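Sequential numbering from 1 applies to the sequence shown in UniProt numbering.
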Amino acid sequence: MLMGGREHFANADLSIHIENGLKSWDGTLESDPSLDWFDAADGDEARLRMPDGREGQFFATAGSLGSGQVEIQGPAPTPFGDSA
1 MLMGGREHFA
11 NADLSIHIEN
21 GLKSWDGTLE
31 SDPSLDWFDA
41 ADGDEARLRM
51 PDGREGQFFA
61 TAGSLGSGQV
71 EIQGPAPTPF
81 GDSA
C-alpha cells in the first residue's frame, strides 16, 4: 500500500461488487497501528499495490486511530481479480 508517499505492508480482505453494470471494490486493510489513515495531505492519494504490480486508488471510509485496521473503498478498475 502506498500512502503519504511511502510504501507500507498491509494484509487485505477485499471484495468486488457490480451494481447496475458499475464495478467497485471494498474491503479491510490491517497494517501498522501508528498509521493515521485519515490524515493524508491534500492531493495525496492512497493506492493499493498488489504483488503482481497492479495498483488501484482507495479511500478510507471507517476505522479507529491506533487500531491498525481500516475499511476502504475503491473505484474501478479493480487492482485484483478479473479487472475486465
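Glycine residues also receive a C-beta, built at the ideal position from the N, C-alpha and C atoms.
Quantities reported herein were computed from a predicted structural model and do not represent experimental measurements.
Of the candidates 68, 56, 69 and 66, the residue whose Cα lies closest to the Cα of residue 75 is 56. Judged by DSSP in its simplified three-state form, residue 25 adopts strand. By the 16-neighbour rule on beta-carbons within 10 angstroms, residue 62 is exposed. Apart from the 5 residues on each side of it in sequence, residue 36 sits with its Cβ closer than 7 Å to the Cβ of 65 in its chain, given in chain order. A distance below 6 Å between beta-carbons, with the five flanking residues on each side excluded, links residue 58 to the following residues of its chain, in chain order: 46, 48, 72 and 74.
Leaving aside the five residues that flank residue 78 on each side, the residues in its chain whose CB is nearer than 7 Å to its CB run, in chain order, 16, 23, 25 and 56.
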